[in-house]
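Structure record follows, encoded as structure tokens.
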Amino acid sequence: MKQALTDALSERGYETLTPVQTAVTDPELGNSDLLVSAQTGSGKTVGFGLALGPTLLEDDESFGPAGKPLALVIAPTRELAMQVMRELTWLYGKANAVVTSCVGGMDMRDERRALGRGAHVVVATPGRLRDHIMRGSIDLSGLRAVVLDEADEMLDLGFREDLEFILEASPKSRRTLLFSATVSGSIAKLAKTYQNDAVRVSTIGERQQHSDIEYHLMSVANRDDEKAIINVLRYYESPGALVFCNTRATVNRLTTRLSNRGFSVVSLSGELSQNERTHALQAMRDGRARVCVATDVAARGIDLPNLDLVIHADLPSNSETLLHRSGRTGRAGRKGVSILIANPKALRKAARLLSTAKLTAEQGPAPSAEAVSAQDEARMLADEAWHTPVAEKESEGVAKLLELHSPEQIAAAYLRLYRSRQTAPEELGEPQPFDPRDAKAAFGPSVWFSVAGGQNAGVEVRRFLPKLCKVGGITKDDIGAIRVQHGETLVEIRKGSVDGFLKSVGPKMEFDRESPITQIDAPSAAQRGPKPKFKPKASTAPVDWNDDPAPRRKKPKAPTTKDKGKPKFKKRARPEDSRPEGVVTPLKKKGGKNLAPAVGKANSKKNKARRAASKNPSN
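So for the sequence shown, the numbering used here puts the first residue at 2; every next one is plus one.
Dropping the structure here:
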């Protein structure tokens, strides 16, 4: 390892390297291409920075004057690209490297000028880098290495064409390092096409996945989810916490509630501009904000210091998303906590996610108000201020307090002041075990009816329900389950409302003229309706289309053919005047009055005179 890189690591406090960093810096690898699979938060950025050192510096200890880029690092998102640039800047700082970025959302003219001044390493997003290549802003002829960071994410985001374009434009003699959390078929195909005899490096499976992260599954009562999040934040009092939501609307609502409760909070979602996102992340890094509420897409790839707590306000859709979210903490050897908040109905899904991800979580209720207060007291008693000697400038004030008040009064006053500065915890309800039969029991006794016509008649519940309420003289609260079968629709009606329902539909028992209604016994389990033809994929995530939307592309217009037939409006030829000379035949108006035929413009002087003459024939 180059001395400049060793010194940079020492100043940063690195005593040992992580497994992935050790693997990619193995001297036996030389300058071979690498296909690396490692979990999130394993120190990959510093790892490929160290691996590139011998390739870029060769026999030198520092870089020479900046010119054509020697290395390209391609990342899927702006935030990750900026994070990589910061990491490489301090890592290569003592080697006098110039590291610049080319990412979407930034001024392209500034980037072009920076490239013109020269750079040793360029960190970029695929789309923006392709634009610079096509405009001739960057010269890749001097490239020695290309790094694809989180290649699986880039393929998932649809950057395959951009990556292939960039790799085709790069020198064939380059060294290619491909980093991916998983090596799927598409990743293997990309590696086979653009890498030369790549060496496979994998650190996943050498130890338990996310062993530095402590998982908790906390059950809460219905509608207590946000209260539980407040108590969790108060219980741990982490210097940095990341709260994940599935939609932008949830991010906005939760951010507002936490801000109103006194938390220093920022948000990350697709509706924010690049400047707003940068300011939010900088506030977390500076310590001005301690909580960040974000969607999955907006938080992809970010690395925040002192991030010890991750809270899943909404459960992730699959185990991969769970691992990606949790990987924001417990990075580079630090310890972290990942907490899943689940109401009774969602507990089974949460347990399934943990099982699929091969994770073990401690299960229990969310911290109560009493538990938060007890934790506050423990933190207060463990404060280092109790062990700090009384300063000379403080002795006079201390003496006055002891003279005026007893020690008990001083301690009580301090305790009240300490608690007043903390956000009050929430009172939580007792979570009840979820039983699907509870919904049936809550609805009460019921009677089932069959309405002729179902899927074969195009019945849709959203249209069927209001019509049923109108025909039966009931409300939607009186209706339980609605099961649309192939040839009939089964409806559950509360027993207390059946008499009014029968009276409203009348003795003919008709939903409409072609749909009679029949009272039946409770349907069997086999009548719950057909299963969907296509089972959704397990990896399919709920998408917030406002976050990181796909670029709009104009659809090609269908070829149009001009209508060669008669025009829609055809000007009629004026018939020849067969009237005797000097005879004017008046025209009939809709009102019944005769008007002289208009010649030329309707409001010309001649036509006005003709109309006036027709009104006064005596003149």
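Note that CB positions come from ideal geometry on N, CA and C, so glycine has one too. Given the structure is predicted, the values throughout are model-derived calculations rather than measurements.
Contacts around residue i, its chain only, beta-carbon distance under 7 Å, and the 5 residues preceding and following it disregarded
{"i": "D140", "result": "K69"}
{"i": "E88", "result": "T46, V47, G50"}
{"i": "R262", "result": "I231, T424"}
{"i": "A347", "result": "L316"}
{"i": "E227", "result": "L255, R258"}
{"i": "A284", "result": "V267, A290"}
Integer Cβ distance of residue i from residue j, believed to fall under 8 Å
{"i": "T126", "j": "R301", "result": "Contact flag wrong, Cβ pair sits at about 12 Å."}
{"i": "T17", "j": "L51", "result": "That pair is no contact at about 13 Å."}
{"i": "V74", "j": "V85", "result": "6 Å"}
{"i": "A146", "j": "L168", "result": "Going by Cβ atoms, the distance from A146 to L168 rounds to 12 Å, so no, they are not a contact pair."}
{"i": "L429", "j": "A343", "result": "L429 to A343, Cβ: 14 Å. No contact."}
{"i": "I340", "j": "V252", "result": "The Cβ separation is near 18 Å, so there is no contact."}
{"i": "Y236", "j": "P317", "result": "Not quite, the Cβ-Cβ distance comes to about 22 Å (not below 8 Å), so this is no contact."}
{"i": "V630", "j": "S38", "result": "Since the first residue of the chain shown is 2 and the last is 620, residue 630 is not available in this structure."}
{"i": "V104", "j": "R129", "result": "6 Å"}
{"i": "F512", "j": "V462", "result": "Not really, about 14 Å apart at Cβ, beyond 8 Å."}
{"i": "V311", "j": "V292", "result": "With 8 Å as the limit, V311 and V292 do not qualify as a contact, their Cβ atoms being about 11 Å apart."}
{"i": "V122", "j": "L71", "result": "7 Å"}
{"i": "V373", "j": "P426", "result": "4 Å"}
Straight-line gap, residue i to residue j (C-alpha atoms, nearest Å)
{"i": "L92", "j": "V47", "result": "8 Å"}
{"i": "R349", "j": "V485", "result": "27 Å"}
{"i": "G642", "j": "F64", "result": "The requested residue 642 is not part of the displayed model; the chain covers only 2 to 620."}
{"i": "R208", "j": "S43", "result": "Legend: pLDDT at R208 = 48, less than 50; position of this residue unreliable, value from coordinates given subsequently. One C-alpha to the other measures close to 12 Å."}
{"i": "G454", "j": "K504", "result": "22 Å"}
{"i": "H313", "j": "G94", "result": "37 Å"}
{"i": "A229", "j": "A170", "result": "52 Å"}
{"i": "D60", "j": "A152", "result": "30 Å"}
{"i": "F166", "j": "K173", "result": "13 Å"}
{"i": "A250", "j": "T256", "result": "10 Å"}
{"i": "I518", "j": "L469", "result": "11 Å"}
{"i": "M510", "j": "G459", "result": "21 Å"}
{"i": "V448", "j": "A523", "result": "7 Å"}
{"i": "N608", "j": "S615", "result": "11 Å"}
{"i": "N97", "j": "A9", "result": "12 Å"}
{"i": "Y15", "j": "M2", "result": "14 Å"}
{"i": "G106", "j": "Q364", "result": "43 Å"}
{"i": "E54", "j": "P66", "result": "The sequence shown places Gly at residue 54, rather than the Glu named in the question. If you take the alpha carbons of G54 and P66, they lie about 17 Å apart."}
Own chain, CB closer than 6 Å to residue i, minus 5 neighbours either side, in chain order
{"i": "A295", "result": "L269"}
{"i": "N307", "result": "P240, G241"}
{"i": "E154", "result": "P77"}
{"i": "G31", "result": "none"}
Host beta strand (DSSP E) of residue i (start-end)
{"i": "E493", "result": "489 to 495"}
{"i": "S11", "result": "Careful: S11 lies outside any beta strand (DSSP E), inside the alpha helix (DSSP H) at 4 to 13."}
{"i": "W449", "result": "447 to 453"}
{"i": "E511", "result": "511 to 513"}
{"i": "H121", "result": "Here H121 belongs to no beta strand (DSSP E), and DSSP marks it neither H nor E."}
{"i": "Q376", "result": "Counting along the chain, Q376 falls outside any beta strand (DSSP E), though it belongs to the alpha helix (DSSP H) covering 370 to 382."}
Spatially closest choice to residue i from the options, by CA coordinates
{"i": "F245", "options": "V298, H217, L218", "result": "V298"}
{"i": "L35", "options": "V202, A290, I167, T389", "result": "V202"}
{"i": "E493", "options": "G328, T476, G507", "result": "T476"}
{"i": "L144", "options": "D132, G119, S605", "result": "G119"}
{"i": "S637", "options": "N319, D108, S260, L273", "result": "As shown, the chain starts at 2 and ends at 620. That puts residue 637 outside it, with no answer to give."}
{"i": "G507", "options": "L10, H487, G474", "result": "G474"}
{"i": "R161", "options": "E371, L323, K190", "result": "K190"}
{"i": "V338", "options": "N617, E427, T361, D198", "result": "T361"}
{"i": "W387", "options": "K609, Q364, L310, Y415", "result": "Y415"}
{"i": "S187", "options": "P467, G159, W449, D213", "result": "G159"}
{"i": "E80", "options": "L405, L273, G481, A614", "result": "L273"}
{"i": "T90", "options": "V267, V124, K336", "result": "V124"}
{"i": "N223", "options": "P366, D111, N276", "result": "P366"}
{"i": "H325", "options": "P345, R335, D304", "result": "D304"}
{"i": "A502", "options": "E227, V472, Y216, D198", "result": "Strictly speaking, residue 502 in this sequence is Phe, with Ala absent from that position. Checking every option, the nearest Cα to that of F502 belongs to V472."}
{"i": "V499", "options": "S516, F450, E515, G488", "result": "F450"}
{"i": "D213", "options": "L53, R335, N197, Q410", "result": "R335"}
{"i": "D111", "options": "R176, H121, H133", "result": "H133"}
{"i": "R175", "options": "L156, D198, D163", "result": "D198"}
Alpha helix (DSSP H) segment containing residue i, residue limits
{"i": "I188", "result": "186 to 195"}
{"i": "P127", "result": "127 to 136"}
{"i": "P1", "result": "There is no way to answer for residue 1, as the model of the chain reaches only from 2 to 620."}
{"i": "H325", "result": "320 to 327"}
{"i": "E154", "result": "152 to 157"}
{"i": "Q22", "result": "20 to 25"}
Close-in-space but distant-in-sequence residues of the same chain around residue i (CB under 8 Å, 5 per side omitted)
{"i": "H406", "result": "A414"}
{"i": "R278", "result": "R79, E80, L269, A299"}
{"i": "T330", "result": "G42, I214, L243, L308, D309, L310, V311, G337, V338, S339"}
Check: residue i C-beta below 8 Å from any heavy atom of the ligand ADP
{"i": "N197", "result": "The ligand ADP is absent from the structure shown, which contains no ligands of any kind."}
Neighbour flag for residue i against chain B, beta carbons, 9 Å
{"i": "K496", "result": "No chain B appears in this structure, which consists of one protein chain only."}
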